[in-house]
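First up is the structure itself, then whatever we jot down about it.
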């Protein structure tokens, strides 16, 4: 005759299966998140991180202050997406003063330079109201290539890759801070003056 199994043995088996099930679900969630997000190397010295992960927006509205990665216009032949902050949302007014200072709803955002670091001329954004589905994307660095300029303009939602989250420094493998500097684009940043 065999002895009956203790009740606690069954509970331990169920608990073990639950733990294994939770572990499998956690692994699948991490795999899904890795597939749904993308890692991008920071190609600008104007930000402090070496890279960013873009997490999908899932239809949520962008708000002022959100950091995003977006695909610049194809004509720019940019090798990587741009990282910017949402500064203007649909319905806000864009105004450009005579001195090329750009305003959003009366607040100054920054001044549009006349020339890029590589010497090509830059046109300021066309004034107007930001239409639905477009955003004014900006970075505080004076040499930021952003919505202040006509060639970037108001960015359509379809070109926004996702919300950006800075990746931590990994100095033991050489990933610490921005991986490029102004010299990598041929600019002369002496005394903070762009060419």
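In my numbering, the protein residues as written are 102 to 296. For each residue, glycine too, the CB sits at the ideal point set by N, CA and C.
Ends of the beta strand (DSSP E) at residue 186? Along the chain shown, read from residue 1 onward, the residue named residue 186 stands at position 85. 183-189 is the span of the beta strand (DSSP E), which, as asked, contains residue 186.
Does DSSP put residue 205 in a helix, a strand or coil? Stepping through the chain shown from its first residue, residue 205 is reached at position 104. Three-state DSSP puts residue 205 in a strand.
Quick check: the Cα distance between residue 173 and residue 261, rounded to an integer number of angstroms? The residue labelled residue 173 in the question sits at position 72 within the chain shown. The residue labelled residue 261 in the question sits at position 160 within the chain shown. Near 9 Å, if we compare the C-alpha coordinates of residue 261 and residue 173.
Check residue 265 in the structure and name its three-state DSSP category. For the purposes of this step, residue 265 is taken as residue 164 along the chain shown, with counting starting at 1. Note: residue 265 maps to strand in three-state DSSP.
Candidates 154, 264 and 129: closest to residue 165 by CA position: Reading the chain shown from its first residue, position 64 is the one you call residue 165. The candidate whose alpha carbon is nearest that of residue 165 is 264.
As a quick exercise: from 123, 235, 190 and 213, pick the residue whose alpha carbon is nearest that of residue 242. Counting from 1 along the chain shown, the entry for residue 242 is found at position 141. Checked all of 123, 235, 190 and 213; the closest Cα to residue 242 is 213.
Please work out which residues of its chain come closer than 7 Å, Cβ to Cβ, to residue 291, disregarding the five sequence neighbours upstream and downstream, and give them in chain order. Stepping through the chain shown from its first residue, residue 291 is reached at position 190. Reliability of the predicted coordinates at residue 291 is poor, the pLDDT of 34 falling under 50, and the value obtained from them is presented with this limitation in mind. Cβ neighbours of residue 291 beyond the five flanking positions: none.
Would you report the Cα separation of residue 129 and residue 180, rounded to the nearest angstrom? Looking up residue 129 in the chain shown gives position 28. Looking up residue 180 in the chain shown gives position 79. Taking the straight line from one Cα to the other gives about 31 Å.
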